[in-house]
Every structure is written in structure tokens, then in C-alpha cells.
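In what follows, a single structure is set out as C-alpha cells and then discussed.
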Amino acid sequence: MAKLYSKSHEWVEVQEGSRARVGVSDYAQKELGDIVFLELPDVGKEFHKAEQFGTIESTKSVSELFLPLAGKIVAVNQAVIDNPALVNQDPEGEGWLVEIEIEDKTQLEELLSPQDYRSFIAQEH
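Going by numbering that gives the first Met the number 0, the sequence shown opens with residue 0, and the numbers climb by one from there.
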């Protein structure tokens, strides 16, 4: 399944069943600049859709991360905690942040397709 995007610049990629990976978009990491620190939740923590689940710190600023779907954290990418620059190097691949168990798959319908996300970004500028 292709990645879907939120208007707060996070992406979601459904894995197997109702599991999904979440990260920040390539656009977001370029806007942030060099990522130097990530604060991510513990495995087992549950979040509502659009609830803040962590922070991402760059040399320019600190930004909040919002979960695009309601769900429970089932994995945290230790590699990005150990090496935050992975988010800059491969934001939509190895730089994923968390994996969740999706609470309500119908929420996927509210996210943007890659094409719609590109249009959304273009309108922001």
C-alpha cells in the first residue's frame, strides 16, 4: 500500500494487517533542517488520532509530532533515537519513527494520497 499523509506532515504506511509505520515526510525534514534529537513514546502507549506522540528537534527548532491515526505503539525505531540524522537521510524509509496497531482503519480514508499531499504543500507556499 502506498504511503498516506497528514496535513501535519506525518506519513503512514500500512504494514501487515492493522499495523502501520509512521514517520515525518521528506518535505517536513527538509523544512526542519538537521535533526538532532527525537522524543518518542514507549511501546504500549495508546493515542487518539491527531494527538501529540513526541517531539522532533532540529538545529533550527523543536516541533511536535502528531499521530495521524488512533492506535497503540507496538514498536519504536531505536535506530533513529541512536542516530536522528537517519530522519534526514531516509525520512520515508529507514527513518520511520513508530509502528502502531491501528484502532480504526476507516481513519485511513481521511489521510491524503501522495498526489493530494503534494498539492497541499504547493498551496502552503
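Even for Gly, the Cβ is constructed at its ideal location relative to N, Cα and C. Because the structure is a prediction, the values reported are computed rather than measured.
- Your pair Phe-65 and Ser-5 checks out as a contact, with CB atoms roughly 7 Å apart and the cut at 8 Å.
- Excluding its 5 nearest sequence neighbours in each direction, Leu-110 has C-beta neighbours in its own chain below 7 Å: Leu-3, Tyr-4, Ser-5, Val-11 and Pro-67, listed in chain order.
- By the 16-neighbour rule on beta-carbons within 10 angstroms, Glu-50 is exposed.
- Val-79 carries a helical assignment under DSSP once its states are collapsed to helix, strand and coil.
- Residue state for Gln-14 is assigned as coil, using DSSP reduced to three classes.
- Of the residues Ala-84, Gly-16 and Ser-24, the one whose Cα lies closest to the Cα of Ser-112 is Ser-24.
- If one requires a minimum length of 3 residues, the beta strand (DSSP E) runs lying completely within the region 16-68 are 18-23, 34-38, 51-57 and 61-65, in chain order.
- Beta bridge pairing from DSSP links Tyr-4 with Trp-10 and Leu-111.
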